[in-house]
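In what follows, a structure is listed as structure tokens, so that the remarks can point back to it.
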Amino acid sequence: MTQFLDLRLQPVGGELAKQVAACQGTSVTNYTGMLVDDLLHAIQGRHVLIATHGFNVNRADGIACLSNWASLLGHYFPDPNPFAFLGLLWPGDSIWAHGLDYPEEPRVADDAGALLGPFLDAYFQGAASVSFASHSLGARVVLATIANMKMRVRRLTLMAGAVDDDCLTTEFSAAAAKVGAISVLASQKDTVLSTLFPLGNFVGGILTVGHPWWHAAIGHCGPAQRWPENFGAPFMIPDGWEFDHGNYLQINQPPAPALDLPVVVPAQGAACPIVDEAGNPIAGWQEAFTAGFESSRFK
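Using our numbering, you'd call the opening residue of the sequence shown number 1108 and step up by one each time.
Given below as structure tokens:
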């Protein structure tokens, strides 16, 4: 059973919850609440990785994609181990308007972080460490969470981050300074971040390339060149892999086989890392890659 921190009120849409709920399950059919004390017992003395989804994801899809990713991580962290995975669900579909809701959807992400940060400070002191991984606008959720925490964070991985490319040295510089090591996965083939993210900035009052307020997404072009000292490169997925926005956390059963560690971001022109005997990519290879990348950086 995958364990979750749930910030949702409704299965689809709805406002942010008033408090954090502890739950467990692998799908909506077996998703149930659990006592916070049981969750705290499960993470006691362990290195905790909290991973979250992005925008336009309902509860059912959040449970499915994060449970699938957790199973892939399990290939790299076999029991018994000092690692504990927690999925984080938040109402990223509450205001979804196909990319034109900026800056309203980031407000929900910021509020989610303001709710979760103090909760972790209050209840996660018994963990060996806390780390985060995110997809899309989930980057803002985890950065806002860290900004609202007093605890230091061991690791942070932003996959396809739908936040400004300079966020680590401007808006969230204080949060970034609380993290031991930061990683990014970005793709120039991300059609959402190459089109809808700048369009959302335009609607929010940010005009065009060259305007002082305009920024690309960190998950499309990577971080702005003035990187924080705790940032680890490389980060740009090869263009030939055609890695799109929805490829990082997918729902595939059974998942693709795990890769040999360490998994690194290769140079441009590298071949797909998981293929069948005919040389064709195996379904689900993308999230096998992202799970392997996270496992390699996490260790």
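Think of the CB as a built atom: it goes at the ideal place given N, C-alpha and C, for glycine as much as any other residue.
By the neighbour-count definition (other C-beta atoms within 10 Å, threshold 16), residue 1385 is an exposed residue.
In this structure, residue 1154 and residue 1238 form a Cβ contact; the two beta carbons are roughly 7 angstroms apart against a cut-off of 8 angstroms. Taking C-alpha positions only, residue 1399 is separated from residue 1121 by approximately 34 angstroms. Measuring C-alpha to C-alpha distances from residue 1370 to each of 1393, 1117 and 1171 identifies 1393 as the nearest. According to DSSP, residue 1227 shares a beta bridge with no other residue.
In summary, residue 1357 is buried, with 16 or more beta-carbon neighbours lying within 10 Å of its beta-carbon over all protein chains present. Linking residue 1109 to residue 1374 through their CA atoms gives a straight-line distance of about 34 angstroms. Excluding the 5 residues flanking it on each side, residue 1178 has same chain C-beta neighbours closer than 7 angstroms at 1362, in chain order.
Taking residue 1220 as the centre and dropping the five residues before and after it, the same chain places the C-beta of 1248, 1251, 1252 and 1255 closer than 6 angstroms to its C-beta, in chain order. Looking at the DSSP output, residue 1131 shares a beta bridge with 1110 and 1139. Residue 1259 counts as exposed, since fewer than 16 other beta carbons sit within 10 angstroms of its beta carbon. Rounded to whole angstroms, the separation of the alpha carbons of residue 1366 and residue 1215 is 35 angstroms.
No residue range can be given for residue 1302, since it is assigned to no alpha helix (DSSP H) and is classified by DSSP as neither H nor E. Here DSSP, grouped into helix, strand and coil, assigns residue 1393 to helix.
Residue 1154 is bridged by DSSP to 1190 and 1236. About 11 angstroms separates the Cβ atoms of residue 1266 and residue 1300, ruling out a contact at the 8 angstroms cut-off. Closest in C-alpha terms to residue 1272, from the list 1232, 1330 and 1295, comes 1330.
Here residue 1382 has 1388 as same chain residues with Cβ atoms under 6 angstroms from its own Cβ, once five neighbours each way along the sequence are excluded. Inclusion of residue 1156 and residue 1192 in the CB contact set at 7 angstroms is warranted, their separation being smaller than that value. Residue 1158 is positioned such that its CB atom lies no closer than 7 angstroms to that of residue 1143. Bounds of any beta strand (DSSP E) do not take in residue 1353, whose DSSP letter is neither H nor E.
Distance from the Cα of residue 1402 is smallest, within the candidate group 1368, 1379, 1372 and 1377, for 1368. Taking the Cα of residue 1287 as reference, the smallest distance to any Cα among 1405, 1233 and 1355 is reached at 1405. According to the DSSP assignment, residue 1166 belongs to no beta strand (DSSP E) but to the alpha helix (DSSP H) extending over 1166-1183. Residue 1324 is bridged by DSSP to 1271. Under DSSP, residue 1347 shares a beta bridge with no residue.
Under the 10 Å beta carbon count, residue 1119 is surrounded by fewer than 16 other beta carbons and is classified as exposed.
Distances from the alpha-carbon of residue 1165 to those of 1189, 1188, 1201 and 1174 put 1201 closest. Secondary structure of residue 1381 (DSSP, three-state): coil.
In the DSSP annotation of this structure, residue 1294 is not part of any alpha helix (DSSP H), being labelled neither H nor E.
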